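**Student:**
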Amino acid sequence: MRNHLLTLATVGLVTLGLYLLTQMDGTSGLLSALRLIFIWGIAAISLNLINGQLGILSLGHHGFMLVGGYVTALLMLPEKERRPFRTRLLSDWARDNLDLDKWLRGLGLDFIANSIDLKFIIALFIAGLAAALLGVLVGAPSLRLKGDYLAIVTFGFGEIIRLLPNAPEVAAFTNGPLGIKGIPGDAGTIWWTFFAFLFVLWFFTRLKFSSYGRAFEGIREDEIAAEAMGVNLAYHKVLAFTISAFFAGVAGGLYASYLQSVDTQTFNFFVTFFLLVAISLGGLGSITGAVIGTAVVVLVRNYGGFLEQPYPAWVGYLSGALLMLGAFAFSAYIRKTRRLRPVIETKHYIFGAIGLALLLVTVFFRNEPWMTQTVQFFGMRKILLAVILILIMIYRREGVMGRAEFSWKLIFGPREDIPSEEQRKQDAWLSNPELNPGASETKEDDDASA
Amino acid sequence: MTASKLASRSTLFSLFAGLLFVALLGWRIASMPDYTFARIVQDFLNALTLGSLYALIALGYTMVYGIIRLINFAHGEIFMLGSYFAFYAMTLTPMHWGLALLTTVLLGGTVLLVLRSLFNLEEPKRTFLLALLIFGGTFFLLAFRHLGWIEALLLSMLATGVAGVLLEAVAYRPLRGAPRESMLITAIAASFFLQNMGQLLFGPRVRGFNAETVLNQPRSFAIGEETVYFTGILIVVPAVTAVLLFVLNLFVTRTRLGKAMRATAQDAEVAQMMGVNVNQVIALTFFIGSILAAAAGVMYSIRFGQIHPLMGLMPGIKAFTAAVIGGIGSLPGAVLGGLLLGFIEIYVVSFFPTLSAYKDVFAFVLLILILLFRPSGLVGEDLTEKV
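First to last, the protein sequences are chains X and H.
Using this note's numbering, read the first sequence as starting at 1 and increasing by one per residue.
Using this note's numbering, read the second sequence as starting at 1001 and increasing by one per residue.
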């Protein structure tokens, strides 16, 4: 009860904070970062269901998001944005008939059609359904495979879905490489993404601690054992895939309406990679972790722009030198703390030497024209994300959170990692054969039966 | 399932696929009056070239998968690196002697270190000779004259091989024994890293790869009244591929290291117990795979005349598909799969021009179908996970 109240209070406070933010000036950058965190958070949580909880590596998430984005775009596109398509690739039929507004008015539901918000809910729902349908179609055959073969098959499906909108036959619906522009939707407010995000958090938390969630985790730990306990493998796998695809579609729709445009480059494989970094960083299998990871990744993406600003070239040389020297010092530090000898390995001198050389070059040639010219490090943020992912995989495969979730107990509850006085007494009693003559007998019994 | 039964099934399968292909071909040729013999020959040359390139790249995938069960996503980027190394070898030479000296020390030093660790060159005399050869050779190549495509190819192969070994040492070796999913994620991250590093270092724009050789001069010969147009590269690629395959085959079957490699592929643990240095063998595998990818990259660039940092993506995927078609882990399978994919791609587009927009989709569809229905490929062993 207390925990529920705390949760409600937190949600209320966050909502209030967001409201105040929207009322303040100069927070549009922060607000759009928050919107992105919510959108990508939905996608990351849904990917986390497959990759973390079910323990299956799926690399086709961008395909599901793309379907959601395109469906939302087509359904929500207003009349005046549809007209220019006459000269383009979108077919007349798709232009005239794939229109949620028309459908709703046809059904006599004008009051829904007049409200863009209600329409957007329905469009998102349909987008989710379309993606979920695709999820079943992709999942049902490919889930027969395991391990990296499955990963490659999902990757292949994702790439096929990404490549199809450019093909001439499909372009009748997708407008080809030009994409669809002028999508209305959440009308630029943060509330859409926020409440969708809250719903997703609630839904996936409930799911994780339901019988389904436990079945998923059972499959992750040991498929055969799970099957022996009565878990229907195929059903649960396809179910998880479908749920995940549904919310990926929703996230795709939200993202399309955030960008107000969608084309084939919006949802490329980088999207899945981005989500993969997020959930690996947070900890595969943890919803809290997915949110934390997404926040970090979005912040790198939105506020890492300074990495790609034009700088004089010496900044690049200097940072390269510092990076090399830093790696040299760090490896020495690690080896020293682990008491490995020699403290500096022979091959690590290479880093030191390169770093020193770069430093000397920077100092001695600082006035040369090639040193003062302006350069720009395009793609530095992606490189940073890739390096983060490799480092996580090498040094901390469980991520920040492992599989743990945030809970109020963690903050307010009694500490469970330190045994209480009573537990300590009990342990002492159990492990002392003089106080507990039964303990040794049962042990022998165990040995005999084994 | 017994081995003989498996073999008969795979033979039947290939036979069936081949027959289907031939039947399709015949039907299509019969229904296309303008499809003359000359065009068949022309397509054949194109397909053989493309297939050879795919085969060379696919060998890298299949060798690495055979040994550490890792789908090396970054292999396409290694291919890209090979092209760029050759590009710079051809455009930056002849270098200023100071720059050449610096490059020689850096490149030659790394190459020497890597080669020493790969081929057990503990003997000082041999190492000294090798060092002399590498340093002298590199300096001589870089400093004095403009490099032709053959020198650039050799230099790029060496440099790319070393890059592959470094990639393995930095990204994959610390993950030895980790879950395969983690290794796959790392490989994807390495691929993204190399792509973006390529964009950063080499520039994101498309560059012309002008080999300035006889290879790109258009030639022709006549068949009856028709003329077949081709360039030298269409002959050179299959020839170079054949030579490389021959050398690779000799290496794998006739040398101690090749034996160690096969042993590691069969069972790494047991091989280690028998005294095989598994880390060395894995590094060597990456070295050889990267060498072949570099050769493919240079020839691909000469063939298509342009390079850019994302060029490794599609050939990488298609070569992986080729490896899967042939049966991942099997060397002849990779070559067979590469050639088959090259022929399928060229002839499908040639016979059904309306499908050319789906060319890339087609590779993925084939990949999925093979993985779903015949994961062991045409000649490969059954590699599905066992309990």
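For each residue, glycine too, the CB sits at the ideal point set by N, CA and C.
In this text, all values refer to a predicted model and were calculated from it rather than measured experimentally.
Report the rounded CA-to-CA distance for A452 of chain X versus F241 of chain X, giving the unit in angstroms.
**Tutor:** Outside the modelled stretch of chain X, which goes from 1 to 450, sits residue 452 of chain X, for which no answer is possible.
**Student:** Which bits of chain H does M393 of chain X rub up against, with CB to CB less than 9 Å?
**Tutor:** Counting from 1 along the first sequence, the entry for residue 393 of chain X is found at position 393. Under the 9 Å cutoff, chain H gives A1171, P1174, L1175, A1178, S1182, M1183, I1185, T1186 and A1189.
**Student:** DSSP beta-bridge partners for Q451 of chain X?
**Tutor:** Given that chain X is displayed from residue 1 to residue 450, the structure contains no residue 451 of chain X and the question cannot be resolved.
**Student:** Please tell me whether E1077 of chain H and Q1195 of chain H are closer than 8 Å, where the distance is taken between their beta carbons.
**Tutor:** Here residue 1077 of chain H corresponds to residue number 77 of the second sequence, with the count starting at 1. Here residue 1195 of chain H corresponds to residue number 195 of the second sequence, with the count starting at 1. In this structure, Q1195 of chain H lies closer than 8 Å to E1077 of chain H by Cβ.
**Student:** By how many angstroms is the C-alpha of H62 of chain X removed from the C-alpha of T372 of chain X?
**Tutor:** Residue 372 of chain X sits at position 372 when you count from the first residue of the first sequence. Residue 62 of chain X sits at position 62 when you count from the first residue of the first sequence. Approximately 41 Å between the Cα atoms of the pair.
**Student:** What span of residues does the alpha helix (DSSP H) with Y255 of chain X cover, start to end?
**Tutor:** Numbered from 1 along the first sequence, position 255 holds the residue referred to as residue 255 of chain X. Here the alpha helix (DSSP H) through Y255 of chain X covers L233 to L259.
**Student:** Is the CB of L322 of chain X under 8 Å away from at least one CB in chain H?
**Tutor:** Looking up residue 322 of chain X in the first sequence gives position 322. Not one chain H Cβ lies under 8 Å of L322 of chain X.
**Student:** Check whether the region 1083-1090 of chain H and the region 1152-1166 of chain H are in contact - that is, three or more C-beta pairs closer than 8 Å.
**Tutor:** Output reads yes: the region 1152-1166 of chain H touches the region 1083-1090 of chain H.
**Student:** Just the C-alpha distance for T189 of chain X and G379 of chain X, rounded to the nearest angstrom, thanks.
**Tutor:** Residue numbering aside, residue 189 of chain X sits at position 189 when the first sequence is read from its first letter. Residue numbering aside, residue 379 of chain X sits at position 379 when the first sequence is read from its first letter. Each residue's Cα considered, the two are about 29 Å apart.
**Student:** Taking C-alpha atoms, which residue in X:L104, X:V361, X:A386 and X:F328 lies nearest to E345 of chain X?
**Tutor:** In the first sequence, counting from the first residue as 1, residue 345 of chain X sits at position 345. Nearest C-alpha to E345 of chain X: X:F328.
**Student:** Please confirm whether A1199 of chain H has its beta-carbon closer than 8 Å to some beta-carbon of chain X.
**Tutor:** Start at 1 with the first residue of the second sequence, and residue 1199 of chain H comes out as number 199. It is Gln, not Ala, that sits at residue 1199 of chain H in the sequence shown. Chain X, which has a Cβ nearer than 8 Å to the Cβ of Q1199 of chain H, makes this yes.
**Student:** Do you know offhand how far K146 of chain X's Cα is from L1372 of chain H's?
**Tutor:** Looking up residue 146 of chain X in the first sequence gives position 146. Looking up residue 1372 of chain H in the second sequence gives position 372. Taking the straight line joining both Cα atoms gives about 11 Å.
**Student:** Out of X:V387, X:A123 and X:S28, which has the shortest C-alpha to C-alpha gap to G69 of chain X?
**Tutor:** Residue 69 of chain X sits at position 69 when you count from the first residue of the first sequence. When only C-alpha atoms are compared, the closest one is X:A123.
**Student:** Run the CB neighbour count on I411 of chain X, radius 10 Å, all protein chains shown included, and call it buried at 16 or more, exposed below.
**Tutor:** Mapped onto the first sequence, residue 411 of chain X falls at position 411. Per the 10 Å Cβ criterion, exposed.
**Student:** Below 8 Å between beta carbons: does that hold for L1184 of chain H and I1071 of chain H?
**Tutor:** The sequence position of residue 1184 of chain H within the second sequence is 184, counting from 1. The sequence position of residue 1071 of chain H within the second sequence is 71, counting from 1. Closer than 8 Å, so yes.
**Student:** Who are the Cβ neighbours of L20 of chain X in its own chain at under 8 Å, not counting the five residues just before and after it?
**Tutor:** Locating residue 20 of chain X in the first sequence gives position 20, where the first residue counts as 1. Result list for L20 of chain X: empty, nothing under 8 Å.
**Student:** Name the chain X residues whose beta carbon is nearer than 8 Å to that of I1302 of chain H?
**Tutor:** The residue labelled residue 1302 of chain H in the question sits at position 302 within the second sequence. Chain X residues near I1302 of chain H: none, gap ~27 Å exceeds 8 Å.
**Student:** At a CB-CB cut-off below 8 Å, which residues of chain H make contact with Y349 of chain X?
**Tutor:** Locating residue 349 of chain X in the first sequence gives position 349, counting from the first residue. Under the 8 Å cutoff, chain H gives no residues; its nearest Cβ is about 12 Å from Y349 of chain X.
**Student:** Is the shortest distance between the beta-carbon of V136 of chain X and the beta-carbons of chain H less than 8 Å?
**Tutor:** Sequence index remark: in the first sequence, residue 136 of chain X carries index 136 (1-based). Taking Cβ atoms only, chain H never reaches closer than 8 Å to V136 of chain X, which makes this a no.
**Student:** Compare the C-alpha of E398 of chain X against each of X:W191, X:V14 and X:A278 and name the closest.
**Tutor:** Translated into positions along the first sequence, residue 398 of chain X becomes position 398. Ranking the options by Cα distance to E398 of chain X, first place goes to X:A278.
**Student:** Could you please give the first and the last residue of the uninterrupted beta strand (DSSP E) stretch that includes V1409 of chain H?
**Tutor:** Absent from the model: residue 1409 of chain H. The displayed extent of chain H is 1001 to 1387, so no value can be given.
**Student:** Go to A496 of chain X, then tell me how far its alpha helix (DSSP H) extends in each direction, as first and last residue.
**Tutor:** No answer is possible for residue 496 of chain X: it lies beyond the span of chain X, which begins at 1 and ends at 450.
**Student:** Where does S420 of chain X sit, in a helix, a strand or coil, going by DSSP?
**Tutor:** Position 420 of the first sequence holds residue 420 of chain X. Note: S420 of chain X maps to coil in three-state DSSP.
**Student:** Going by CA-CA distance only, name the one from X:D117, X:G156 and X:I50 that's closest to T193 of chain X.
**Tutor:** Start at 1 with the first residue of the first sequence, and residue 193 of chain X comes out as number 193. The option with the nearest alpha carbon to T193 of chain X is X:D117.
**Student:** Note down, in chain order, every chain X residue with its Cβ under 7 Å from the Cβ of L1371 of chain H.
**Tutor:** Start at 1 with the first residue of the second sequence, and residue 1371 of chain H comes out as number 371. Chain X residues near L1371 of chain H: L145, Y149, I152 and V153.
**Student:** Going along chain H, which residues have a C-beta under 7 Å from L57 of chain X?
**Tutor:** As a first step, residue 57 of chain X is located in the first sequence; it is residue number 57 there, counting from the start. Ordered by position in chain H, the residues that pass the 7 Å Cβ test against L57 of chain X are E1181 and L1184.
**Student:** Quick check: what's the CA-CA separation for L1012 of chain H versus R1028 of chain H?
**Tutor:** What you label residue 1012 of chain H is simply residue 12 of the second sequence in a count that begins at 1. What you label residue 1028 of chain H is simply residue 28 of the second sequence in a count that begins at 1. Cα-Cα distance, rounded: 24 Å.
**Student:** Candidates X:M76, X:N114, X:S261 and X:R220: which alpha carbon is nearest N97 of chain X's?
**Tutor:** Counting from 1 along the first sequence, the entry for residue 97 of chain X is found at position 97. The shortest C-alpha separation from N97 of chain X is found at X:M76.
**Student:** Note down, in chain order, each residue of its chain lying with its Cβ closer than 7 Å to the Cβ of I161 of chain X, except the 5 sequence neighbours on either side.
**Tutor:** Locating residue 161 of chain X in the first sequence gives position 161, counting from the first residue. G63, L66 and V67, listed in sequence order.
**Student:** Need the endpoints of the alpha helix (DSSP H) that F1286 of chain H sits in, please.
**Tutor:** Position 286 of the second sequence, counting from 1, holds the residue named residue 1286 of chain H. Residues V1278 to F1304.
**Student:** Closer than 8 Å between beta carbons: that is the criterion. Which residues of the region 157-175 of chain X meet it against chain H?
**Tutor:** Result list: F157, E159, I160, L163, L164, N166, A167 and P168.
**Student:** What first and last residue would you give for the alpha helix (DSSP H) that runs through F406 of chain X?
**Tutor:** By 1-based counting over the first sequence, the position of residue 406 of chain X is 406. Run containing F406 of chain X: none; DSSP gives neither H nor E here.
**Student:** Can you list the alpha helix (DSSP H) stretches of 4 or more residues lying completely in the region 301-363 of chain X, in chain order?
**Tutor:** Segments of the alpha helix (DSSP H) lying fully in the region 301-363 of chain X: 313-337.
**Student:** Please tell me whether L340 of chain X has its Cβ less than 8 Å away from any Cβ of chain H.
**Tutor:** Reading the first sequence from its first residue, position 340 is the one you call residue 340 of chain X. No, because no Cβ of chain H sits closer than 8 Å to the Cβ of L340 of chain X.
**Student:** Indicate whether V297 of chain X and L385 of chain X have their beta-carbon atoms separated by less than 8 Å.
**Tutor:** Your numbering for residue 297 of chain X matches position 297 in the first sequence. Your numbering for residue 385 of chain X matches position 385 in the first sequence. Contact: yes.
**Student:** Just to confirm, are G249 of chain X and M401 of chain X a CB contact at a threshold of 8 Å?
**Tutor:** The sequence position of residue 249 of chain X within the first sequence is 249, counting from 1. The sequence position of residue 401 of chain X within the first sequence is 401, counting from 1. No, they are not a contact pair.
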